[in-house]
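Take a look at the structure set out below.
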Amino acid sequence: MVRGLYNIRFGADHCPYCGNLADTKDHVPSKGFLDEPYPKMLRVIPCCKRCNSSFSLDEEYAFCAIECYVCRSLKIEDLERVKVQKILEHSPSILYGLVEQNADNNSSNIKIDWNRVGNAIKKNLIGHAYFELGTDVGNIEEFWVKPLYNLSITELSKFLSDEYPKIVPEIGSRLSQHQYVISEDGKNVGHFVNTWHVIDEKNYKYFVCVESKTVKAVIRGKIAAFMRFQ
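Position in the sequence shown counted from 1, then plus 873, gives you this note's numbering.
Next up, the structure:
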């Protein structure tokens, strides 16, 4: 069954984050989540300058917080991503904000503001939906960001799996170009399958499904993000 999308706006001139006139472009995922050399054919969507700039501080924070979390260190030299090392060298206040002093043994712990990280990631999930479906997501019914290890085995399996939708995207939408028809044994024609988009093998992949109205992402192989829209 092909679902007719309402309000399709390919090449639209409005910002998917606020609805105002778009006067610039935005990369989804944000380049800060990716390492150079960048993958070919980066996703770009229209947006307004106000939204583009308003997310920048939370995005820089998210890039750095996630890397410190993944590497389990607050030392710049211990971090794997050169891009994040440069951000912290240029903006040490971000690093200071991630430090939580432990008075008992005079040590330091990583303190992450997950609301700021979530704000940056939510913006990217909205952008993924807009890019793939060509329409606004409407109201967001559910959103969360958490370490993958916080998911149970059942939750993790469901989160990382592909989906076999009965409702497929509007023909001509970008997401429709990533639908495959296979059987569950991989041999006989049977079902549509909705797969993950791997942008950077080590750093970023995402998933959009029109039937379940969900967008998911895995960042640095450690952080899971989930959004359900109307």
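C-beta: ideal position from N, C-alpha, C; glycine also.
Assuming the contact rule is C-beta atoms closer than 8 Å, V1081 and A993 should be a hit. Round their C-beta distance to whole Å, please.
Here residue 1081 refers to the residue found at position 208 of the sequence shown. Here residue 993 refers to the residue found at position 120 of the sequence shown. Not confirmed; about 18 Å, so no contact.
Classify S903: buried if its beta carbon has 16 or more other beta carbons within 10 angstroms, exposed otherwise.
As a position in the sequence shown, residue 903 is number 30, starting the count at 1. Burial call: buried.
Please classify P889 as buried or exposed, where buried requires at least 16 other C-beta atoms within 10 Å of its C-beta.
Locating residue 889 in the sequence shown gives position 16, where the first residue counts as 1. Under the 10 Å beta carbon count, P889 is surrounded by 16 or more other beta carbons and is classified as buried.
Please state whether the Cβ-Cβ distance between S964 and E1014 is less than 9 Å.
Position 91 of the sequence shown holds residue 964. Position 141 of the sequence shown holds residue 1014. No Cβ-Cβ contact shorter than 9 Å links S964 with E1014.
Simplified DSSP state of N1067, which is helix, strand or coil:
Taking the first residue of the sequence shown as position 1, residue 1067 is located at position 194. Three-state result, N1067: strand.
Entirely enclosed beta strand (DSSP E) segments - the segment 896-932, minimum 3 residues
Entirely contained in the segment 896-932, the beta strand (DSSP E) runs reaching 3 residues are, in chain order, 897-900 and 917-920.
Buried or exposed: where does C891 fall if 16 or more other Cβ atoms within 10 Å of its Cβ makes it buried?
Within the sequence shown, numbered from 1, the residue matching residue 891 stands at position 18. With fewer than 16 other beta carbons inside 10 angstroms of its own, C891 counts as exposed.
For V1010 versus I999, is the C-beta distance shorter than 9 Å?
For this step, residue 1010 is matched to residue 137 along the sequence shown. For this step, residue 999 is matched to residue 126 along the sequence shown. Between V1010 and I999, the C-beta spacing is below 9 Å.
Kindly give me the distance between the Cβ atoms of F1102 and N1012, rounded to whole angstroms, as I take these residues to be in contact under 8 Å.
Here the question's residue 1102 lines up with position 229 in the sequence shown. Here the question's residue 1012 lines up with position 139 in the sequence shown. For F1102 against N1012, the beta-carbon gap comes to about 7 Å, under 8 Å, which counts as contact.
Of the residues R1093, E1084, K1089 and N1067, which one's Cα is nearest the Cα of D1073?
Residue numbering aside, residue 1073 sits at position 200 when the sequence shown is read from its first letter. Closest option to D1073, Cα to Cα, is R1093.
Is it the case that the CB of N1012 approaches a heavy atom of the ligand ZN more closely than 8 Å?
With respect to the ligand ZN, the structure shown offers nothing to examine, as it has no ligands at all.
Can you look up E1015 in the DSSP assignment and give me helix, strand or coil?
Within the sequence shown, numbered from 1, the residue matching residue 1015 stands at position 142. If DSSP states are grouped into helix, strand and coil, E1015 belongs with the strands.
Where does L961 land, buried or exposed, given buried means 16+ other C-beta within 10 angstroms?
In the sequence shown, counting from the first residue as 1, residue 961 sits at position 88. Buried is the call here.
Over the uninterrupted beta strand (DSSP E) stretch that includes K1078, give me the two end residues.
For the purposes of this step, residue 1078 is identified with residue 205 of the sequence shown, where counting begins at 1. Y1077 to C1082 is the extent of the beta strand (DSSP E) around K1078.
Is the CB-CB distance between A1090 and Y1079 below 9 Å?
Start at 1 with the first residue of the sequence shown, and residue 1090 comes out as number 217. Start at 1 with the first residue of the sequence shown, and residue 1079 comes out as number 206. Contact: yes.
How many Å lie between Q958 and I967 at the Cα?
Here residue 958 is taken as the residue at index 85 of the sequence shown, counted from 1. Here residue 967 is taken as the residue at index 94 of the sequence shown, counted from 1. Cα-Cα distance, rounded: 11 Å.
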